[in-house]
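Beneath this line is the structure, given in structure tokens, with notes to follow.
There are 2 protein chains.
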Amino acid sequence: MPPELIAVLIAVSDDRPMVLTLEGGRLLPSGPLEAGHRSLQTGLRLWVEHQTGHALGHVEQLYTFADAPVDGGPDERRVMISYLALTRTRRGERGWRGWYDYFPWEDQTAPEGRALVQRIVRLLEDWAGRAPSAAGQEARRQRVALTFGLDGLGWDDELVLQRYELLWEAALVPESAPPGAAVLPGLSMARDERRVLATAMARLRAKIRYRPVIYELMPDSFTLLHLQRTVEAVAGQPMHKQNFRRLVAQQDLIEETGEVAPDTRGRPARLFRFRREVMGARRIAGSKLPLARPV
Amino acid sequence: MPPELIAVLIAVSDDRPMVLTLEGGRLLPSGPLEAGHRSLQTGLRLWVEHQTGHALGHVEQLYTFADAPVDGGPDERRVMISYLALTRTRRGERGWRGWYDYFPWEDQTAPEGRALVQRIVRLLEDWAGRAPSAAGQEARRQRVALTFGLDGLGWDDELVLQRYELLWEAALVPESAPPGAAVLPGLSMARDERRVLATAMARLRAKIRYRPVIYELMPDSFTLLHLQRTVEAVAGQPMHKQNFRRLVAQQDLIEETGEVAPDTRGRPARLFRFRREVMGARRIAGSKLPLARPV
DNA sequence: ACCTTTATGCTCATGTTGAGCATAATATAG
DNA sequence: CTATATTATGCTCAACATGAGCATAAAGGT
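The structure is reproduced here in structure tokens:
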């Protein structure tokens, strides 16, 4: 069985991060590596274009997973080589889903997300109390505190996978919960796809801090508020407006188009475009965004 | 053909980063994923222990490579899932090689390394001039400037892979040079192993900036200068001594043992140990080292 | 003429970083 | 025994980055 190539294709539409899915949101585009593929990445591109009609822009490898061996099962294992891809949505394309539909607790810009985390923390504290030994209970509590930012640690938006794995272990998601048990809100997916999506979210959130990949998700021209909302949507965290602008300005990665955004409320905002030329010519010192990651 | 698991096992010995090799330094430990392996990582551990007798400590996945398809060759491709592993050398173990034996230009702490880069840059400028079009020449020059830190950009120690790939394209390494042509100093390896090693070096250099992985390479107790020399050896860059100490101190990741280093010249140095307990208990805000990455 | 809304400029306290001066505590050469 | 070399360690300073917030500008709507 050849390894499978699997893509997490991300776009942001109306300030919501979206992921391209198949089969009613249960699967991600994927297909086996074939002899004719010139490289892993070309194989991936072919599969995604074939299955979704969507061409890929920025692509990077994420992680390679193998499923657990089955006793008495086949000798061959399913190996998945996963990729993160960034694009823009096109009107009318089907299969796009909001990524917070799968991970509602990851959206800390919305009050519902924050309330959900409160609920989750209570459930996880119960779970921690059910550990067999006292040391085990303490270890579980510490893990909950770290991944969910308790005890003044603060929410770390990059711990998407760690949080998902914790919820899996605590049997709070349908993938691991016993049949009929209460589970958290949020769509699940087939096989390991939700884990792959979590990996992609974590990588993208980490990456926008130090590489200007956010512009892969922006249209040709945009206002500064639009850019900020996009970053906030990806990070799932609000930001300080003036500081955001100061930072973006000093990066010198965008320039004014000279136009002004149409149909806005309030004072009209200037439009900007990404200076794609500078990408090669300069080292990008740090596109570190004012996404305060607390101590 | 199942995917192959391949390990880059790193240790630092006498302030030199070492890599564990087989076959006279031509190969890295590796073996196919088998049905009995519980996971990719267990498979890797089994292979490395079997081939080298060395147990693995900290392990992380690096990247998955596929070799290019051969026209009329077999349908199946070789897929390599590579890992970075960190340990301590043990006296008398065979197969350890200095990683700068393979990449002499990556050691910018030594005058020879800096001189070699000067020579490489001249060769690459010739190569840039041989591009067919004027635009192609300019693109090549810009790439050389970026990867080797010309025009005041400064040396970026994380660009190990980019530099190796550039040298490959310019046919300055034995892997790509025509037979008999002059090539750069530095050992080469079989297959794609040198590329895998470059990937590992880049990852480790990046990682020591924001995670305390350097302590995986240290003995139980060490002086601050020993720690600094280890970081410098990995990064291939010198550091400011007082600032290094200030940073390490404020991280609060190490504590004094109360003892003093034996057989040193100069004023005796206090010994420290890594506080392994804090690893789980605290978020490591930033183990960012004073490795000035220039603008 | 006001109010709401968004855009934009500016200040200020605090923290971080790069550089270097100064002094302390050893061993060894003479 | 003193000078010198060598490493350890404490401390200062300027430049810059960061987080927070005040103030004002420019639109549309009541």
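In order, the protein sequences belong to chains R and S. Once you know that position 202 of the first sequence is 202 in the UniProt record's numbering, the rest is easy, because the numbers rise by one and skip nothing. Once you know that position 57 of the second sequence is 57 in the UniProt record's numbering, the rest is easy, because the numbers rise by one and skip nothing. A virtual CB, placed ideally from N, CA and C, is assigned to each residue, including glycine.
Top-ranked residue by Cα proximity to residue i, from the options
| i | options | result |
| --- | --- | --- |
| Leu161 (chain R) | R:Asp15, R:Thr223, R:Leu62 and R:Pro29 | R:Leu62 |
| Leu197 (chain R) | R:Glu4, R:Thr21 and R:Val12 | R:Thr21 |
| Glu277 (chain S) | S:Ser221, S:Lys207, S:Arg211 and S:Ile254 | S:Ile254 |
| Leu247 (chain R) | R:Arg209, R:Glu49 and R:Glu216 | R:Arg209 |
| Arg94 (chain S) | S:Leu28, S:Thr264, S:Leu227 and S:Leu166 | S:Leu28 |
| Ala235 (chain R) | R:Glu216, R:Leu124, R:Asp220 and R:Ala206 | R:Ala206 |
| Glu125 (chain R) | R:Pro132, R:Arg141 and R:Gly24 | R:Arg141 |
| Val144 (chain S) | S:Ser133, S:Pro178, S:Arg265 and S:Arg122 | S:Arg122 |
| Ser188 (chain S) | S:Glu175, S:Thr199 and S:Leu56 | S:Glu175 |
| Gly98 (chain R) | R:Gly43, R:Leu44, R:Ala135 and R:Gly24 | R:Gly24 |
| Glu165 (chain S) | S:Thr199, S:Asp151 and S:Thr64 | S:Thr199 |
| Met80 (chain R) | R:Leu44, R:Val70 and R:Leu56 | R:Leu44 |
| Arg245 (chain R) | R:Val231, R:Gly258 and R:Asp263 | R:Val231 |
| Met201 (chain R) | R:Asp107, R:Ser133 and R:Ala249 | R:Asp107 |
| Gln51 (chain R) | R:Gly136, R:Arg91 and R:Gly31 | R:Gly31 |
| Gly57 (chain S) | S:Asp263, S:Ile214 and S:Thr264 | S:Ile214 |
Burial state of residue i (16 or more Cβ within 10 Å)
| i | result |
| --- | --- |
| Thr87 (chain R) | buried |
| Ser287 (chain R) | The pLDDT assigned to Ser287 (chain R) is 43, lower than 50, so where the model puts this residue is not dependable, and the model offers no usable value. |
| Arg203 (chain S) | buried |
| Glu216 (chain R) | buried |
| Ala190 (chain R) | exposed |
| His226 (chain S) | buried |
| Val48 (chain R) | buried |
| Gln237 (chain S) | buried |
| Ser82 (chain S) | buried |
| Thr42 (chain R) | exposed |
Own chain, CB closer than 8 Å to residue i, minus 5 neighbours either side, in chain order
| i | result |
| --- | --- |
| Trp105 (chain R) | Gly113, Leu116, Val117, Ile120, Arg163, Leu184 and Gly186 |
| Gly180 (chain S) | none |
| Thr64 (chain R) | Pro3, Val79, Met80, Ile81 and Ser82 |
| Gly129 (chain R) | Gln137 |
| Asp192 (chain S) | Phe65, Asp67 and Met80 |
| Ala131 (chain R) | Gln137, Ala139 and Arg140 |
| Asp151 (chain R) | Ala145 |
Own chain, CB closer than 7 Å to residue i, minus 5 neighbours either side, in chain order
| i | result |
| --- | --- |
| Ala261 (chain S) | Thr223, Pro268, Ala269 and Leu271 |
| Thr89 (chain S) | Ala11, Ser13, Met18 and Trp96 |
| Glu76 (chain S) | Met1 |
| Val173 (chain S) | Leu167, Val183, Leu184 and Ser188 |
| Arg26 (chain S) | Met189 and Ala190 |
Proximity of residue i and residue j at Cβ, strictly below 8 Å
| i | j | result |
| --- | --- | --- |
| Ala7 (chain S) | Met18 (chain S) | no |
| His37 (chain R) | Leu46 (chain R) | yes |
| Arg16 (chain S) | Ala233 (chain S) | yes |
| Leu33 (chain R) | Leu5 (chain R) | yes |
| Leu40 (chain R) | Ala66 (chain S) | yes |
| Tyr102 (chain R) | Arg194 (chain R) | yes |
| Met239 (chain S) | Gln228 (chain S) | yes |
| Ala85 (chain S) | Val59 (chain S) | yes |
Cutoff 6 Å; reference residue i; Cβ partners in own chain excluding five residues on either side
| i | result |
| --- | --- |
| Trp127 (chain S) | Ala170 |
| Leu159 (chain S) | Thr147 |
| Ser221 (chain S) | Thr257, Leu271 and Arg273 |
Distance cut-off 7 Å: residue i Cβ against heavy atoms of the ligand FMN
| i | result |
| --- | --- |
| Arg270 (chain S) | The ligand FMN is not among the ligands present in this structure, which contains no ligands whatsoever. |
Positions along the stretch 55–71 of chain S whose CB lies within less than 9 Å of some CB in chain R: Gln61, Tyr63, Thr64, Phe65, Ala66, Ala68 and Pro69
Selection of the stretch 30–54 of chain R by Cβ proximity to chain S, strictly under 9 Å: Leu33, Glu34, Ala35, Gly36, His37, Arg38, Ser39, Leu40 and Gly43
Interfacial residues, the stretch 104–128 of chain R to chain S, with Cβ spacing under 8 Å: none
Where the stretch 1–19 of chain R meets chain S: residues whose CB sits under 9 Å from a CB there: Met1, Pro2 and Pro3
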